[in-house]
Structure formats: C-alpha cells, structure tokens
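Undergrad: Residue numbers (mature numbering (1 follows the signal peptide of the UniProt record, and there is no 0)): -21 to -1, 1 to 1176. Ideal Cβ placement from N, Cα and C applies to all residues, glycine included. I'd like to ask you about the structure that follows.
Printed below as a string of structure tokens:
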C-alpha cells in the first residue's frame, strides 16, 4: 500500500504533467526507488564533511536523502503542509516559479516550484556550507529531502538556467524539534585544588535541539551526597573544591529550549580526585586520663572533606616545667595506626604516652598521616601529670629525753608532689602488768601529723617502761610515701596513773547486825609504770548539821607479794563511818618507777543513815509521866510520844505500834531501806482486833510523818500528842480496801496497852521505850438500865396522862416515838412525814440549821487518809489544796511508764442508790489534768459527763475547757476528741463527742448546766428537777458510771447527786432520808454538799417535786428545740408555766427558815400521764384517808 505522503506527491506531479503535457514514465521508478530509502551510514559519518569536500551535484534526482546516523521515525502529526518561510524579496519572477516548502518535520521537507524553462540547479545549504546540490531537468518541479537535522535552519536555493530569469530563488525553513540523544564520549580528568573536569561529545542526533547540558556529581560511596547540578552550553565543565581521593558518579543530560531534559543520560564513574593532606586532629571532649607516668588523650581524626586513606596518628608530649624535685624529666611520644578504622572509631582515637614524669607540665600535640603526607600539628594542650609519692625521710633517729621522746630526720630528696608534711606512727608494749579492761580502752598506737617544715618532733606523754616501734614517712597530697623505722625502749621515771574501777559499798557487819562495814575495792592502774609497792587510802567526810565535825582518815596498804593476775581486785574494810556524812575516798598507787604515789582516784558517796539515836532517859521519863494526865475513854487513850533527833541521819518516817500488855519485850530495830525495800510488813488493827489485840499492830498509815501529827510543846521539849483508838471507820476501810488497811481503830474497854514510837531513817529503824496506856471501863449496864428504865417509866406515865387529854391515842404514840428516839439524827421519813417535816423546819428556822450542824459534826469522824493527793508530785494536780480524795475511794488510773504518780486524779467513787459505785465526783479539769480526765473517761468507759459550773465565774477560772468547739477536734496525748453535736435547752447544753484512743472509740455525752452559781443554788427548781430527770432517763438507757463535776467537785456536785438519789428512793417507794444520803456521800468524798443553803436546796427540790407531781412528770424544756434525745414522754404535753420562785432568802440564810413551802401559782392540770408522780399523789391521798378512819393505831397505815 502506497503511503499517504507518496500518494500526495504522486498526485501533485501528475497534475503538473497533465497541465504541461510532458509526462515522464520514469517518475514511478523514482518514487518507488529504494536507492536512498534505507541509506543509513555508520556513527562516524559526518554530514558536513560529506558535502563540504565533494561535489554535491546530483543529476536527475526527484527524491534525495541526506546522510544520517540513525533512522528517525517522525510522527505524521509533526509534518507541516506548507512552510510559510520568507523568500528573497528582491527576486523578481518569484511569482513565476512559485517556490514552496511543505511537509516539514524533524528530518523531512518537500520542495516544489512552478517553472517551465530550462534546467534547474537545486541547492540545500545553511549559513556556512552547502549541504546538497542537484541539477534537475526542466520537467522536474519538486524535490523531497530526507535525513534532515532536527531543529536546523536550512536554505533552499533554485538556480534557473534561464536567460530571462537568470536569478536565484531562495527560501528558508527550520526542521521540527526532536528529543536529542545522549552526549557521547563522556570523560573525566582530575586537576589540582580538588577539581574534576568533565568532557563529552554532542549527541549523534538532534544536537541542534540542545540548549544546555546538565551535569551532576554523586558520591559513589555515600548516599545523599550530591554535587550540582551545573549547566553549560559547552561540551565540558570543571567542578572545584571536591572531596580528596574521591570517585564521583558523573551524569550529563541534554536540555532543550523549553528546559526539558532528555531521557537519554550519559553516565560514567570519574577518576579519583587528587590526594591532599588531612586536617589536624581535634581534641575530643571525652575524659582525659592523666596519671603520674602516663597521659591518655582522645582525638577526633575525621576530615569530612578528605577521603584519602589514613595511615597513623602521631602524638607527642614535651615537658615544659616540673613542679617537683629530685628526679629526671622525660619527653614522650607515640604513633598509633588508624588504617581500616570506621568513622565512629576515627572520632575517638585514644593515644597514650607512657614514661612521662610526675608533677610536670607537658605541652601535647598530634598530627595525622595519610597517603598525601602529614597534616599540620593540632592545637597544643597543656597537661599536668599527677603527683607521686615522695621518697623516704633520711637519717631517722630517736632520743630519750627527760621530758619525753624526741624524733629527728632529714627531708626526702625525691619530692614529686605537693609536700604536705610527715606521718609519724609509733606503738608500744608496756613492760609492766596491765589490767584486761585497760587493754581495749588505752591506745597502744599513736599517729602524729607533722608539718612539712619540721625536722624533729617531741612526744611528752610517752609511756614509762615500754618498748617502742616508730616509723616515719613523708606525704604528698596523694598519699604517704615509704616508711623508715626505728625501735627503742623508754626508761623514763614517772608515777602510776589512777587506779581503776574504784567502788565503795556498805554492808551489814557480820559481827554486829546494827553496824555497817565500809568496803573499798579497786584494780591496778592502766599505767603502773613499774612494779607495784603499795596503795594509799584516804577518806574525808562532812555533814551540814549543828555539832557535826569533819571526819578524816589515812591508811596504807602494802603489797608484799608478786602480782601475777593483772585483773586482781584489791579491797580494804574501813568499818562503820559516821552516818549521813558526805564522804570522799581517795586511792593512790605507788610503783618502783618513782618514790611518789600516783594520780588520785576519787569516789564520793553519801554514807547511809544509821539507826535513829537512842532517846535520853529523862526525856522518856517526862513523857511517861504525861500518860496519866491525858484524856482516856473506854475506846481510846491519848498519850505523848517521843520525837527522835537526827544525829544518826534524818528521821523520815514514824509509825505508832500498839499491842495489849505483854510480858515479852517486843522492841524491834534493825537495818531497813524503806525506799528500796518498801514499807516493812506489820499487822493491821483488823488483824490485832481479831486476835484480842495480842498482836503488835501499826496504828498509823505507812510513811507517816510529823507533818501529819499533832506536835505538843511541854516545858521546852516537843512531843507528839497521839490518841490511840480514835478512828471509828477502820472496819469500813478494811471492807472497802483490797489491801491491808493500816488505821487507828478503837480499843477494848478497861484494858492495858503498850505503845511504842517507831522511827525510820533512810536505812534503819528503832523503837522507842514502851509507853503504857489504859482505856476506861464501860458503865455498869445493869445499874444504868435500871435507872434509865425508872426515869422513862415516870416520863411515860406523865406523858400518857397529858396526852390523853389533848390527843387521840394514835397521835399520842406517834408523838411518843418522836420524843423517845435513841439519837438526835433524823430518821428516814415517809412522804407524808417528809411533807410535815418541811413545814416544821419552815416554822422553826433553826431546826434545819441544827440538822446541818449535826451533819458537819458527825462528818469530822469521816476524815480519812489522803496520802496520794498529798504527794509532792500530785499537789499541782489539785485545783484546791483542801479538797482532796480519800485514798480508799479515789479513782486510780493505769500507771504510765512505770511512774506510780501517773495513777492519780482528783476524783472519787460515790455509791448510789443501789449501794454500788454509780457516780464519779471530781474537780473541774485543769489545763494540765485534761489528759488525766480523758484517760479516766476511756479507761472506765464513761458515756455520760455532768458539768455544773461555768468555765469562768466572778473573774476566776473554775474549770478549763477540756472539750473542742463544734465540728473541731482536740488531742490530749494519745486521745482524740471530736465534737459532733451540740443542743441547747435553755438552762443547759447537751454536747456529744467521739473519743478515740488506740483501738478504743466511744460516744460520750456531756450535760452542762449553766445556771448554777458557785457556793450557791440555782434560781429556779423546775429546771433543776427537769435537768436531774433528763439525766436519769438518759443514764437508764446507758448502764454504767457517770462523771459529775463542778469546780471543786463537792458542793454543786454533791447537791446534784443527792437530789438524784432521793428521787430514786421516792420512785421505788422507799423512805426519804436526806441526812443519811449526804452523810453516806461524805464517807466517799469529804465535804459533799458544801453549804447549808445547798443542803436546804435538796429539801426544797424534793418537796417541790412531791407537791407538783404532774409538773414533775410533764416538764419540758423552755428552748425552741423540737425534741430531746429519748425524752418523748416529757415533750408530749405543754404544762402552764409557773412563776419562778426566788430563793434569795435561802441563799443568804444559815437556817432553813428561808424555805417557802407555799406556792402562789395556779393549780396545775393533771395530764393523762402514767408517770410515777400521779400514782404517788394518789397513794398519799389514800394514806391520809386511812389515817383518818383507822381505829387500830398500832397497825401502820
């Protein structure tokens, strides 16, 4: 099939032939000719050379091929139909030949013309040379040109062989673009200065389409290391400042006028760049290791711009200056091979030079050698080597001097360091006997630091008679050099040191148990400094008392035997010395090393007191005469007892010893330390009374002192006035106490007794001579009863006669019972009698006052021991010095840290209605007793505390605030108290706390009555009764003890407890006995219900409760609170408010006349309460009715 371009050309030529009539059949042969179709020459063919040297004329050609190296396939779309190129405007006749160029592409062009003349010469050329010249006959009117150069400017010229048109016709055209090929014959050349020249040949085709060449360099041995790109329109380029000894990958590519790169890239590996020397090594930041004889430095040998092979690093250190003396100084260097090292290894090249000199300044440098030669020296660094140990001192000598040992020497010659001094060390072994306990405590080695400027040293405190080994060395700042040695013995004269383990003890003499032996013991001195000869023992005693003179003595203990045991104990017995003297004992040793005794060893002691001194006979005789002038009763007897003097030591305690008349001498005396051995055991009054007083018993409490006794003065001498048998509570004390109770119980009537005063010093006791007493006989019971019977009978008859006239028989017997009571004490009363009694004491103002005075008188017999409260350590714990708890009823806390005084608190157990301990009455806590107070709460598991005082009254503190504010927490020791709730009820406040201690946790409630003045009574009675009732209802739900306190713990506290106990008697249908209730409380704690007004207040409160039973049961709080804990029955009704009853008269009166039993308020309604007060009221009415209607008055109603 004929191609389109050939078909087009064929049609064009046929058209011309048809017009002109000259058709040549050879055209087909030309079109189909293959002479030039595949004319491809080799790569060495040069187009310009082909047509510049030969005749380019071709005869009768219609299609011509230019020489080419490669066949190029041109796409049809790139062909231009008509080339609109300019022609020579001066050519005339251009219109006649119609020269045109069509179908132009990168390698082809079709030239046509219209000329009917002669032959035509067809020339194809450029600006420099003719590319093609062809002669054509006149019939040929077109010419095809193949194998043109792309992007090349061509000129077509037609020369007409015509006389008329004898002119040249030209036309220019440019072939189309075609991507150029790759550059050829790429070469590289290494030059100086690390440069590389790249050369190449233009591409074999389309070289005219090349605008520039792009040249790139890449390192073959490193990734991402790129040089370039560089651009040039030449066929060479030179890169400078490249890496030394480096092969690069060279790439060259052609770039056209549109800056598009050809896809044909020429690449080669370059020749290596020229070798250059490396840069100097750099000192690494790694740690330098410098010793006295070596320098270890790390270098960085990496030169990033030089890839030449490294061979070695040369490290040199030259000394600049030495700081020492006495030794040679050397330079040193080292060569380290660094071939085949990795980059990481080259960054840390360690170089070590040895054989350098110590304590010397060196200047160190390094250089690197590679295939090009040696680098420059590195920056010099100054390095100082370490110090070395000095040489040994010279000519070390020792000399014995009278004042000690002298050491001499000469300084060392070699000193390679900072000379700081000498170290002198010496040891010794004594040439005498040393106790075992001294060998560890007394050093046998001594080290001395001596300044560098010294050449001698003297030791004054050297041992006498000892073998020495000494050594000396010089020292620099890094250590001590070699020692020089010396050995010698010291024979210096000296005295022994102090004896060791000097002790003094006293013990009862085996010959006389009342005497003491004084034993001194000691051991050898640590530094005897010779053979032992003797000891000197001295003592000196003094006592600060009238008539006490100093007591001194000296004795010598000779040692007439050889000591073989270094731990031998020496002793001497000085017998009994003077009692209560302060003695100083001195012991000295003497040895063969000196004629003088050694250093003294001292010990001071307070010599024990002796047995109290015997009393003068005339003093005893005077006291014995006084027995018959003292008061005696049938149960007791008073006598005078002696007071011992302090001549044998202070008399600290006394005891009164009693027994029935005995034929035996029961005098006792002996050594006894009451502080270490405790109080000696003796019989108590209970033991003696059970044995008809045949036992000797102790009538006084243990540790009884004259402070507790009544001292009487008789004609210039003093004595103790003592009544034996006056304590009527002994049996009760024995019953209440768990241990033996020593007390002064009553004696038997009409009986002789022997009494002795026993005196105690700190270390012994002795009895006084015997004093005899006799109790009075009791009255004759038969005569007494007969006389009393007659008197009573007569009085009875007179009373009957008188009573029959005025009273009924029932009233008469009631009055008789009142008049013939056996005791003036008020008897327990029924409610009716109590109401009448209140009216009687209202009408008789002095009656209640007499009753209270009787209570006070009887209470005098209840004064019991308060020894614990009187201890010095406990006195500060008492708020008032005269308000103290009895020993047998006081609350005892647990003992802390073995201190027996920590069990004390000013608090007493109080027996309640049940006869058991129900209350604890205590003083208001002080700031320093709050911890004891809360300890008592925790240890006794108290849940209820009643407080009846304010913190401050009349400007004085009455109680310390021992609880926290609402929502806060306070801590006392190991106890933590937190306030969790506070409620206000008008006259009192209820607070709730949580108390925590170790594993103990409990809720404690406090009822604080705020309207009760000190030493006084509240203004109203309803609120007081309500407060007591509220307390009782709360307590009934929580079984256990409750704590009640005011300020002192007796006045308001006793009044509150008494009211609560009496109301319990009423509720349980018991008789009312306020007198014995208060008296019973005073047996447990003194002065309970302190004032007469408080005693009357108890009567009035009880009377008020009985007179207003409905009010008592239905009283409610006057605050706005809507509920009271567990008091629902008291809050359901609302009684009418009764007017407050003023008690000013009672408060300031000393009698009961101020009690007003009348009530001016309105009648109180009875509520539907099932409380006890209503029932009680009904029973009272029933009993009154019974009394009015009962006929038989002897039957109780």
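Cutting at 6 Å between CB atoms, please list the residues of its own chain near residue 227, excluding the five before and the five after it.
TA: Cβ neighbours of residue 227 beyond the five flanking positions: 196 and 249.
Undergrad: Less than 9 Å between the beta carbons of residue 258 and residue 355, yes or no?
TA: It is a contact, given that the beta carbons lie within the stated cut-off.
Undergrad: Using only alpha-carbon positions, find the residue among 1057, 739 and 700 that is nearest to residue 838.
TA: Of 1057, 739 and 700, the residue nearest in Cα terms is 1057.
Undergrad: Cβ of residue 339 within 9 Å of Cβ of residue 262?
TA: Not in contact: residue 339 and residue 262 (Cβ atoms no closer than 9 Å).
Undergrad: Determine the burial state of residue 76: buried for a count of at least 16 other Cβ atoms within 10 Å of its Cβ, exposed for fewer.
TA: Buried, because 16 or more other Cβ atoms sit within 10 Å of the Cβ of residue 76.
Undergrad: Per DSSP, which residues does residue 285 bridge with? Please list them.
TA: 223, per the DSSP bridge assignment.
Undergrad: Counting only beta-carbon separations shorter than 9 Å, does residue 570 have a partner in chain B?
TA: Protein chain content of the structure displayed is limited to a single chain, and chain B is not contained in it.
Undergrad: Could you name the residues of the same chain whose beta carbon sits closer than 6 Å to that of residue 932, not counting the 5 residues immediately before and after it, in chain order?
TA: Result list for residue 932: 993, in chain order.
Undergrad: Consider the C-beta atom of residue 176 and the heavy atoms of the ligand ZN; say whether any pair is separated by less than 8 Å.
TA: Absent from the structure shown: the ligand ZN. Ligands present: none.
Undergrad: Using 10 angstroms around the beta-carbon of residue 1113, count the other beta-carbons present and answer buried if the total reaches 16, otherwise exposed.
TA: With a pLDDT of 32 at residue 1113, under the threshold of 50, the predicted position of this residue should be treated as unreliable, though the coordinate-derived value follows. Classification of residue 1113: exposed, given that the 10 Å Cβ count is below 16.
Undergrad: Just to confirm the assignment, what range does the beta strand (DSSP E) spanning residue 1177 have?
TA: Beyond the ends of the chain as shown, which are -21 and 1176, falls residue 1177; an answer cannot be given.
Undergrad: Among all the DSSP beta bridges, which residues are the ones paired with residue 985?
TA: Per DSSP, 924 and 970.
Undergrad: Indicate whether the contact test is met: 3 or more Cβ pairs, each with one atom in the region 422 to 432 and one in the region 369 to 385, closer than 8 Å.
TA: Segments in contact, no.
Undergrad: Whole angstroms is fine: what's the gap from residue 172's alpha carbon to residue 160's?
TA: Roughly 33 Å separates the two Cα atoms.
Undergrad: By the three-class DSSP mapping on this structure, what secondary structure does residue 347 have?
TA: In this structure, residue 347 counts as strand in the three-state DSSP scheme.
Undergrad: As an exercise, report each continuous beta strand (DSSP E) stretch of at least 3 residues that is fully enclosed by the region 881 to 920, in chain order.
TA: The region 881 to 920 contains these whole beta strand (DSSP E) runs: 883 to 890 and 896 to 901.
Undergrad: Please name the residue or residues paired with residue 491 in a DSSP beta bridge.
TA: Its beta-bridge partners do not exist; DSSP assigns none.
Undergrad: Nearest to residue 176 by alpha carbon, out of 158, 804 and 209?
TA: Ranking the options by Cα distance to residue 176, first place goes to 209.
Undergrad: Taking the alpha carbon of residue 101 as the point to measure from, which residue in 244, 350 and 120 has its own alpha carbon closest?
TA: For residue 101, the nearest C-alpha among the options comes from 120.
Undergrad: Under a three-way DSSP split, which group does residue 1072 fall into?
TA: It is helical.
Undergrad: Give the single residue among 575, 672, 313 and 1044 whose Cα lies nearest to the Cα of residue 614.
TA: Ranking the options by Cα distance to residue 614, first place goes to 672.
Undergrad: So, is residue 1163 buried or exposed, given that buried needs 16 or more other C-beta atoms within 10 angstroms?
TA: In this predicted model, residue 1163 has a pLDDT of only 36, less than 50, meaning its place in the structure is not dependable; the value taken from the coordinates is given anyway. It counts as exposed.
Undergrad: By Cβ distance, which residues of its chain are closer than 8 Å to residue 947, with the 5 residues on each side in sequence left out?
TA: So the qualifying residues of the chain are 957 and 958.
Undergrad: Take residue 311 and list the residues in its own chain whose beta-carbon comes closer than 7 Å to its own, dropping the five residues that flank it on each side.
TA: For residue 311, where only same-chain residues beyond five positions count, the Cβ hits under 7 Å are 296, 332, 333, 334 and 335.
Undergrad: Based on Cα-Cα distance, which residue from 473, 403, 491 and 487 lies nearest to residue 465?
TA: Minimum Cα distance to residue 465 is reached at 403.
Undergrad: May I ask which residues mark the beginning and end of the alpha helix (DSSP H) holding residue 655?
TA: Start and end: 653 to 656.
Undergrad: Which residues share a DSSP beta bridge with residue 427?
TA: DSSP lists 403 as partners of residue 427.
Undergrad: Apart from the five residues on each side of it in sequence, which residues of its chain come closer than 6 Å, Cβ to Cβ, to residue 253?
TA: Cβ neighbours of residue 253 beyond the five flanking positions: 169.
Undergrad: Just curious, the beta strand (DSSP E) that residue 452 is in, first and last residue?
TA: Residues 445 to 455.
Undergrad: For residue 540, tell me which candidate among 88, 406 and 511 has the shortest Cα-Cα distance.
TA: It is 511.
Undergrad: Identify whether residue 935 lies in helix, strand or coil by the three-state DSSP scheme.
TA: Strand.
Undergrad: Going along the chain, which residues of its own chain have a beta-carbon closer than 6 Å to the beta-carbon of residue 478, five neighbours each way excluded?
TA: These residues qualify, in order along the chain: 501, 504, 566, 568 and 580.
Undergrad: Going by Cα to Cα distance, which pick from 742, 469, 637 and 690 is closest to residue 448?
TA: Of the listed residues, the one whose Cα sits closest to residue 448 is 469.
Undergrad: Tell me whether residue 1082 sits in a helix, a strand or coil according to DSSP, three-state version.
TA: Here residue 1082 sits in helix by DSSP.
Undergrad: Out of 648, 214 and 407, state which residue places its alpha-carbon closest to the alpha-carbon of residue 233.
TA: That would be 214, whose Cα lies nearest to the Cα of residue 233.
Undergrad: For residue 110, count the other beta carbons within 10 Å of its own beta carbon; 16 or more makes it buried, fewer makes it exposed. Which is it?
TA: Buried, since its Cβ has 16 or more Cβ neighbours within 10 Å.
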